[in-house]
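Protein chains in written order, with this note's numbering: chain A, 312 to 558; chain B, 3 to 356.
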């Protein structure tokens with residue numbers, strides 16, 4: 312029998328130990344790591360590639376949903392663990408995802424393991440996309456954007472963003488200090504950010520109005536936006552009328 | 003227009019109620035002047051129908067001049083003036099009506115007939131006006147008492163909701179289940195610590211159940227309560243949490259509403275410690291001044307954490323409860339200095355409500 316390799320993620324040491332004590336009763340699971348926050352979790356999951364992650368929802372800085380978002384398509388099978396969170400429970404129920412309630416009972420964990428074998432033989436993905444979509448639209452507008460760049464995770468404060476550019480399957484998020492790529496669409500970004508601050512000026516650009524210096528004519532019927540750091544971006548006709556309407 | 007005329011049904015009803023007045027007046031006019039019944043109808047019915055509108059329109063006057071014990075005389079006087087004025091206008095109208103009749107019928111008798119019934123009409127006008135005003139006042143007072151009843155019902159609902167919420171706010175299920183999870187581990191790994199958590203948890207729960215019913219508790223009791231809460235949190239958070247208590251001994255005996263301190267430290271734990279992986283110090287300071295008690299809670303705030311957009315639910319509920327207990331005499335000030343989040347609560351030592 313091949314054992315499933317699992318990682319436990321929880322910010323409280325006693326909670327990790329509690330879960331470990333329950334999991335230890337099951338031969339088919341081997342715990343290959345413990346993480347005490349979301350940053351560690353994303354890193355460990357990338358490096359160790361576990362089959363299974365027991366993921367706490369309420370954690371500092373990066374919560375369980377953030378971790379799931381950052382893992383994107385690389386996410387292994389996730390078992391959500393929570394003490395009590397009405398919002399999370401509703402979300403799991405709505406998307407038919409399995410979860411464990413703390414303190415975790417061995418009988419309940421056994422059931423979860425059975426379900427995993429039944430419903431996800433092999434390595435098919437869980438239906439987490441809709442869950443994430445719903446979660447991302449919960450606290451709109453977002454005050455921060457999470458970016459994963461190779462092994463590192465950055466938290467970009469929305470107020471620091473100068474502009475965002477679409478680049479194929481990615482968006483390039485620019486601040487005064489650096490640019491980061493995120494696997495997302497410009498339309499999603501537009502939905503998540505504060506519409507009073509961020510304007511879609513072009514099919515490929517969203518700008519932060521706080522960093523806009525001026526808009527100048529470019530050719531006969533096109534314009535450019537000049538940002539405070541000197542960056543010049545093309546403004547489409549519909550983008551121009553949108554920005555004039557709102558200013 | 004008038005409250006009675008909002009629906010056609012009401013309009014019909016009013017007409018039916020008014021018809022005895024019309025009939026009485028016609029009979030009176032006919033018998034007093036010796037006019038034929040049909041002549042009395044022509045002379046009386048249209049003016050009395052107009053009088054109905056005068057009577058209805060006094061609704062607004064009544065509404066504007068609600069009688070109270072101290073202004074009763076002035077209201078009666080003013081309504082008297084209104085009755086005279088309205089009746090005067092009405093009589094003028096009725097006189098013009100009789101002259102119009104004469105003009106179109108080419109007679110000279112209607113104006114004379116009007117003069118015959120002038121005194122009767124004047125008396126009826128004033129009487130009807132006062133009758134209408136009386137009915138209006140009756141309806142207004144009925145409406146007022148029904149409103150007061152509804153308001154009382156609303157208040158009762160609100161206060162019971164506040165009570166329920168405060169109970170919910172004192173025992174967070176999240177706190178309870180996380181504590182039990184930690185406890186389940188401790189029973190195996192360190193029974194001695196598990197025993198301590200059991201005691202603290204039962205103290206905490208007992209206080210929540212027993213003291214929720216009290217109106218005032220001492221600072222000392224409140225301190226015991228938050229100490230059992232923080233004791234459990236400290237075991238869960240480990241070295242992430244350091245406590246620094248700075249309590250003025252003289253404040254211990256002072257009274258305050260139950261659960262005044264818990265929301266303050268809960269807020270600090272929730273936003274200061276559960277949102278960061280760093281370790282920090284929670285400071286609780288209680289000072290006693292001649293007329294007030296100052297409670298200060300300070301916790302570190304991690305900027306990378308999810309920003310706290312507004313004061314949490316617990317603090318908002320606390321504000322509401324303190325307002326119920328003290329009126330406007332409490333101050334709850336939330337401030338942020340660099341990496342510190344500070345909540346200051348000032349409550350008066352005297353001048354509690356009731």
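For glycine and all other residues, C-beta sits at the position ideal for the given N, C-alpha and C.
No experiment lies behind these values; they were computed from the predicted model shown.
Do residue 407/A and residue 378/A have their C-beta atoms closer together than 8 Å? No, they are not a contact pair.
Grouping DSSP H, G and I as helix and E and B as strand, with all else coil, what is residue 514/A? Coil at residue 514/A, not helix or strand.
Looking at chain B, is there any beta carbon in it that lies within less than 8 Å of the beta carbon of residue 557/A? So no, residue 557/A is outside the interface.
If we ignore side chains and look at the alpha-carbon of each, how far apart do residue 547/A and residue 533/A end up? Straight-line Cα distance between these residues: approximately 7 Å.
Compute the distance between the beta-carbons of residue 243/B and residue 206/B, then report whether it is under 8 Å. No, they are not a contact pair.
Residue 549/A versus chain B: which residues are under 7 Å apart at the beta carbon? Within chain B, no residue has its CB atom less than 7 Å from the CB of residue 549/A, the nearest being about 32 Å off.
For residue 324/A, return the contacting residues in chain B, with the cut-off set at a CB-CB distance below 8 Å. Per Cβ cutoff of 8 Å: 240.
Backbone CA spacing between residue 444/A and residue 496/A [nearest angstrom]: Spanning the two alpha carbons is a distance of roughly 12 Å.
What ranges does the alpha helix (DSSP H) occupy inside the region 480-543 of chain A, keeping only unbroken runs of at least 4 residues that lie completely in it? For the region 480-543 of chain A, whole alpha helix (DSSP H) runs of length 4 or above, ordered along the chain, are 497-503.
Using 8 Å as the threshold, is the region 252-269 of chain B in touch with the region 317-334 of chain B, meaning 3 or more CB pairs across them? The region 252-269 of chain B makes contact with the region 317-334 of chain B, as at least three CB pairs between them are under 8 Å.
Buried or exposed: which applies to residue 26/B, given that a residue is buried once 16 or more other Cβ atoms fall within 10 Å of its Cβ? Only exposed fits residue 26/B, as fewer than 16 other CB atoms lie within 10 angstroms of its CB.
Is the beta carbon of residue 474/A sitting closer than 8 Å to the one on residue 544/A? Between residue 474/A and residue 544/A, the gap from beta carbon to beta carbon is short of 8 Å.
Is the shortest distance between the beta-carbon of residue 480/A and the beta-carbons of chain B less than 8 Å? Not one chain B Cβ lies under 8 Å of residue 480/A.
For the region 376-403 of chain A, enumerate the residues whose C-beta is nearer than 8 Å to any C-beta of chain B, in chain order. So the close ones are 394, 395 and 396.
At the 8 Å Cβ level, is residue 10/B part of the contact set with chain D, yes or no? Although the question refers to chain D, the structure presented lacks it and instead comprises the protein chains A and B.
Taking only beta carbons into account, state which residues of the region 332-346 of chain A come closer than 8 Å to chain B, listed in chain order. Against chain B - using a Cβ distance shorter than 8 Å - the residues of the region 332-346 of chain A are 332.
Under a three-way DSSP split, which group does residue 422/A fall into? It is helical.
Under 8 Å by beta carbon: chain A residues contacting residue 190/B: Near residue 190/B (Cβ distances below 8 Å), the residues of chain A are 332.
So, using beta-carbon positions, are residue 348/B and residue 294/B closer together than 8 Å? Yes, they are a contact pair.
Does the region 482-492 of chain A come within contact of the region 437-455 of chain A, defined as at least 3 CB pairs closer than 8 Å? Contact fails: fewer than three Cβ-Cβ distances are below 8 Å.
What is the DSSP secondary structure of residue 301/B, counted as helix, strand or coil? DSSP places residue 301/B in the strand class (E or B) of the three-state scheme.
Near residue 115/B, what residues of its chain come up, given a Cβ to Cβ distance below 6 Å and the 5 sequence neighbours on each side ignored? 45.
Within the region 378-404 of chain A, ranges of the beta strand (DSSP E) (whole runs, at least 3 residues): Within the region 378-404 of chain A, the complete beta strand (DSSP E) runs of at least 3 residues are 388-393.
Could you give the DSSP three-state label for residue 314/A: helix, strand or coil? Reduced to three states, the DSSP call for residue 314/A is coil.
What number of angstroms, rounded off, separates the C-alpha of residue 66/B from the C-alpha of residue 80/B? About 11 Å.
Let me make sure I understand the geometry here. Which of 343/A, 449/A, 551/A and 460/A has the alpha-carbon closest to that of residue 503/A? Out of 343/A, 449/A, 551/A and 460/A, the CA that lies nearest to the CA of residue 503/A is found in 449/A.
What residues in the region 204-232 of chain B bring their beta carbon closer than 7 Å to a beta carbon of chain A? For the region 204-232 of chain B, the set of positions with a beta-carbon nearer than 7 Å to some beta-carbon of chain A is empty.
State the start and end residues of the unbroken beta strand (DSSP E) segment that holds residue 333/B. Here the beta strand (DSSP E) through residue 333/B covers 333-339.
Which of the residues in the region 52-68 of chain B, read from start to end, lie with their CB under 9 Å from any CB of chain A? Within the region 52-68 of chain B, no residue has its Cβ closer than 9 Å to any Cβ of chain A.
Look up residue 17/B in the DSSP assignment and say whether it is helix, strand or coil. Looking at residue 17/B - three-state DSSP - the assignment turns out to be helix.
Would you call the region 411-425 of chain A and the region 323-340 of chain A in contact, with 3 or more CB pairs under 8 Å? Result yes; three or more Cβ-Cβ pairs closer than 8 Å.
Chain A residues whose Cβ lies nearer than 7 Å to that of residue 301/B: By Cβ distance, chain A contributes nothing, its closest Cβ being about 13 Å from residue 301/B, past 7 Å.
Figure out for me which residue from 412/A, 523/A and 461/A has the closest Cα to the Cα of residue 355/A. It is 461/A whose Cα lies nearest to the Cα of residue 355/A.
Candidates 380/A, 554/A and 367/A: closest to residue 411/A by CA position: Cα-wise, what sits closest to residue 411/A is 367/A.
What alpha helix (DSSP H) runs, 4 residues minimum, are completely inside the region 190-228 of chain B? For the region 190-228 of chain B, whole alpha helix (DSSP H) runs of length 4 or above, ordered along the chain, are 193-212.
Out of curiosity, what's the CA-to-CA distance linking residue 3/B and residue 61/B? Low confidence applies to residue 3/B: its pLDDT is 41, below 50, so where it sits in the model is not reliable, and the reading given next is rough at best. Spanning the alpha carbons of residue 3/B and residue 61/B requires a straight line of approximately 11 Å.
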